[in-house]
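Report on one structure; see the data block that follows.
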Amino acid sequence: LNARYQAELHLPGQSACGARFNLMVNSGLAIELETTQSEFTDGVGLYRTEFPFIIRSRFPTEQEQIELYSKVLTGYPDKPVVMRTLDVGGDKPLPYFPISEENPFLGWRGIRLTLDHPEIFLVQIRAMLKANIGNGNLHILLPMISDLAEVDESLRLIKQAWFEVDDEVNQQHVVPKPKVGVMIEVPSIMYQLPELARKVDFCSVGTNDLTQYLLAVDRNNPRVGNLYDALHPSVLRALHQLGQQTHGLQFPASICGELAGEPIGVLILAAMGFNRFSMNHRNLAKIKWLLRRIDLSELKLLLPEILACQSPKQVRLQVQRFLDQKQ
Ligand code: PEP
Ligand code: MG
421 LNARYQAELH LPGQSACGAR FNLMVNSGLA IELETTQSEF TDGVGLYRTE FPFIIRSRFP
481 TEQEQIELYS KVLTGYPDKP VVMRTLDVGG DKPLPYFPIS EENPFLGWRG IRLTLDHPEI
541 FLVQIRAMLK ANIGNGNLHI LLPMISDLAE VDESLRLIKQ AWFEVDDEVN QQHVVPKPKV
601 GVMIEVPSIM YQLPELARKV DFCSVGTNDL TQYLLAVDRN NPRVGNLYDA LHPSVLRALH
661 QLGQQTHGLQ FPASICGELA GEPIGVLILA AMGFNRFSMN HRNLAKIKWL LRRIDLSELK
721 LLLPEILACQ SPKQVRLQVQ RFLDQKQ
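Sequential numbering of the sequence shown, starting at 421, is according to the UniProt record's numbering.
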């Protein structure tokens, strides 16, 4: 089966009815990027910068970061590379920066930590901006945004870093201004989309954390693992609203949580009107193969039934039935 998927990897991400999908990869490890065939993807939809920080015994220097980010940016010439600023804390501890909290998932993680330590944030942004000189495909993504003030402060620091870099290169190079986006993964920010759309260029939906925070279920705790499900009807209704709102605002939205790399998940998201998906490179061929076989108008007819389901199990049955009919 895998060979059948791979055989179509070079073809465009397009449905049987001609609708175009942007299919990108999530990455964080150099090895993943090396094994991904960049020419068959539409870019890197999520580059998790925390891995290079986690594997070291100290913060990587600006120069080390520049080298790393340059590799990623040059590996995808003329395609967007969405680099997320450091998202540690919660389930991603830094060995040399211990944080002890009773509720790490509700605590000091992602943008909260880096805005409290602007020196970490600024070094990282400067490294990204320098790596982007001559490339121009960098997009910056902010994790764990729960409040508009965090967006304002991040934008202020990004601007500051840009001026610093521009000064440093002394008019010998053009320092491109990257697009900036926000992760939608904390429910509060879903209710401030109009304001958000005015401040930033795009958003990317992190269904992993969004599910965790909407359902109040730890994404890594096996004891409540049976309750953690991105196909929970409430999560799906939230995603549907998000799709409608971002569409109405003409606010570009992609999905970079695991749901986009799952066949049932991606079909539901496509039915909702989303068309930019970023996933683990291992799922790319399968998802492309699947999307190439759907008729979007047929799939959209299924949406009211999916949204009316009362359990993830019912959702799965509905979509599975649709898939079985197609076989
Ligand atoms: C998410 O939360 O859905 C996401 C993509 O980010 P991470 O899994 O790195 O928290
Ligand atoms: Mg997340």
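In this text, a Cβ means the ideal position worked out from N, Cα and C, and glycines have one as well.
Query	Result
Per DSSP, what kind of secondary structure is Tyr496 in: helix, strand or coil?	coil
Which same chain residues end up closer than 8 Å to Phe473 when comparing Cβ atoms and leaving out the 5 residues on each side of it in sequence?	Phe479, Pro480, Leu506, Val508, Leu514
Can you check whether the CB of Leu542 is closer than 8 Å to the CB of residue 763?	Because the chain in this structure spans residues 421 to 747, residue 763 falls outside the shown range and cannot be described.
Count the CB pairs spanning the segment 594-608 and the segment 642-654 that are closer than 8 Å, and state whether there are at least three.	no
For the alpha helix (DSSP H) holding His559, just list the boundary residues, first then last.	No alpha helix (DSSP H) holds His559; the beta strand (DSSP E) holding it covers 558-562.
Between Leu526 and Met692, what straight-line distance do the alpha-carbon atoms span, to the nearest angstrom?	29 Å
With a cut-off of 8 Å on the beta carbons, I'd call Tyr489 and Ala551 a contact; round off their distance for me.	4 Å
Which value, in whole angstroms, describes the spacing of the CA atoms of Asp536 and Pro518?	15 Å
Starting from Ala673, trace the beta strand (DSSP E) both ways and give me its first and last residue.	673-675
Tell me the DSSP secondary structure of Phe441 in three-state form.	coil
For the ligand MG, is there a heavy atom less than 7 Å away from the beta-carbon of Gly601?	no
Taking any heavy atom of the ligand MG as the mark, which residues have a C-beta closer than 5 Å to it, listed down the chain?	Glu605, Gly626, Asp629
How do the segment 715-724 and the segment 456-466 stand: do at least 3 beta-carbon pairs fall below 8 Å, yes or no?	no
Closest by CA to Ala439, which one among Gln592, Glu522, Val571, Phe694?	Phe694
Any heavy atom of the ligand PEP closer than 7 Å to the CB of Gly463?	no
Can you tell me which residues form a DSSP beta bridge with Arg696?	Asn442
Using only alpha-carbon positions, find the residue among Leu634, Leu659, Leu429 that is nearest to Met444.	Leu429
Helix, strand or coil: how does DSSP classify Ser624 here?	strand
What would DSSP say about Gln670, mapped onto helix, strand or coil?	coil
From His593 to Lys619, what does the alpha carbon distance come to, in whole angstroms?	27 Å
Let me know the secondary structure DSSP gives Val606 once reduced to three states.	coil
Is there at least one non-hydrogen atom of the ligand PEP closer than 7 Å to the beta-carbon of Asp498?	no
Is the Cβ-Cβ distance between Leu630 and Val637 less than 8 Å?	no
Quick check: the Cα distance between Gly626 and Arg468, rounded to an integer number of angstroms?	12 Å
Would you say the beta carbon of Gly677 is closer than 7 Å to some non-hydrogen atom of the ligand PEP?	yes
Whole angstroms is fine: what's the gap from Leu744's alpha carbon to Pro538's?	The question names Leu, but residue 744 in the sequence shown is Asp. Going by the C-alpha atoms only, they are around 52 Å apart.
Is Ser447 helix, strand or coil when you go by DSSP?	strand
State the Cα-Cα distance for the pair Ala690 and Ser608, rounded to the nearest angstrom.	24 Å
Let me check understanding here. Comparing Cα to Cα, which of Leu719, Thr456, Glu573 lies closest to Val464?	Thr456
Evaluate Ala423 with the Cβ neighbour count: other Cβ atoms within 10 Å of its Cβ, from every protein chain shown; 16 or more gives buried, anything less gives exposed.	exposed
Helix, strand or coil: how does DSSP classify Gln734 here?	helix
Taking its Cβ as the centre, do 16 or more other Cβ atoms sit within 10 Å of Asn590, making it buried, or is it exposed?	exposed
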